[in-house]
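The numbering used here numbers the first residue of the sequence shown as 146 and each following residue consecutively. The structure appears below as structure tokens.
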Amino acid sequence: PSGYPYPYSALILRQELDAIEKKFPLHRKMVLVGHSMGGCISRTLITDTGNKLWMEAFRRPPEQTEMPADSKHLLAGAIILKHRPEIGRVIFMSTPHRGSDLASNWIGRIGSMLVKTPSKLITIGQTIREAATPDPAALQLKRFPNSVDTLAPNNRFVVAINKVPITPGIPYYSIVGDRGRGDTPNSSDGVVPYWSSHLDAARSEFIAPCNHSSPLNPQAIAEVHRILKLNAQSR
146 PSGYPYPYSA
156 LILRQELDAI
166 EKKFPLHRKM
176 VLVGHSMGGC
186 ISRTLITDTG
196 NKLWMEAFRR
206 PPEQTEMPAD
216 SKHLLAGAII
226 LKHRPEIGRV
236 IFMSTPHRGS
246 DLASNWIGRI
256 GSMLVKTPSK
266 LITIGQTIRE
276 AATPDPAALQ
286 LKRFPNSVDT
296 LAPNNRFVVA
306 INKVPITPGI
316 PYYSIVGDRG
326 RGDTPNSSDG
336 VVPYWSSHLD
346 AARSEFIAPC
356 NHSSPLNPQA
366 IAEVHRILKL
376 NAQSR
């Protein structure tokens, strides 16, 4: 949902996966394909952070952070990340791992104002403002962040999670658009620049001649098929 900051959307996805696996136990690992913000969500599912993100925000561990128990439980679920053992591979498509300037320029600000934050999250916004450590270099938390805010390059979560490596042993792949200009590494898909979508440790990186709509590009989808076949052959 567009009103949710993506760490919260990732929490919902983890809860849904838990519910599904109780009914339908997995016998093989899954391949996760994430486009755009979906790729950012996917990244949280293959990362182990411990208390690093919490400490970045509050400068003290959860047990020493004063806030209502329900707010603390929700926040812990969203920013104390553990990789999902049922995920075997991840394909990132047009993913703004380090954010997008569009989220913080005038277009992003208009979009952010138009996005309605769910009431459930608004109720804990004041709690977080009171507990969080001020950071003059980051976006000021005047309200609870929404999905647009959490894609800004200077967002505290975006900066912090990029300091934490993806959990070893989980192969991942990048599909990046350059709008057919062939100017990588100075390229962009029109929304996400190459510097944001590139991951040094990706098993492969495919540059597709497309804009941000990489799932609609035949060459990008052919690359997805290649990786899926590779996964099937490795079982």
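Positions of the beta carbon are idealized from the N, C-alpha and C atoms, including for glycine.
Counting only the same chain and skipping the five closest in sequence on each side, list residues whose C-beta sits under 6 Å from that of residue i.
i: residue 229; result: 190
i: residue 362; result: 353 and 355
How would you label residue i, buried or exposed, when you count the other beta carbons within 10 angstroms and need 16 or more for buried?
i: residue 365; result: buried
i: residue 169; result: exposed
i: residue 204; result: exposed
i: residue 296; result: buried
i: residue 206; result: exposed
i: residue 334; result: buried
i: residue 164; result: exposed
i: residue 171; result: exposed
i: residue 379; result: exposed
i: residue 300; result: buried
i: residue 322; result: buried
i: residue 368; result: buried
Is it the case that the Cβ atoms of residue i and residue j are separated by a distance below 8 Å?
i: residue 175; j: residue 244; result: no
i: residue 342; j: residue 180; result: no
i: residue 432; j: residue 348; result: Within the shown structure, residues of the chain are numbered from 146 to 380, placing residue 432 beyond reach of any answer.
Quick one, which of the options has its alpha-carbon nearest residue i's?
i: residue 311; options: 206, 154 and 345; result: 345
i: residue 431; options: 319, 197 and 339; result: The structure shown does not extend to residue 431, since the chain is modelled only from 146 through 380, so no value can be given for it.
i: residue 306; options: 182, 224, 161 and 173; result: 224
i: residue 357; options: 337, 246 and 367; result: 337
i: residue 237; options: 316, 374, 320 and 201; result: 320
Only counting the same chain, and skipping five residues up and downstream in sequence, which positions put a Cβ closer than 8 Å to that of residue i?
i: residue 198; result: 224, 225, 226, 302, 305, 306 and 309
Inset, instruction - Would you check if there are 3 or more beta carbon pairs closer than 8 Å linking the stretch 346-362 to the stretch 202-222? - result: Here the stretch 346-362 makes no contact with the stretch 202-222; the two share fewer than three CB pairs at distances below 8 Å.
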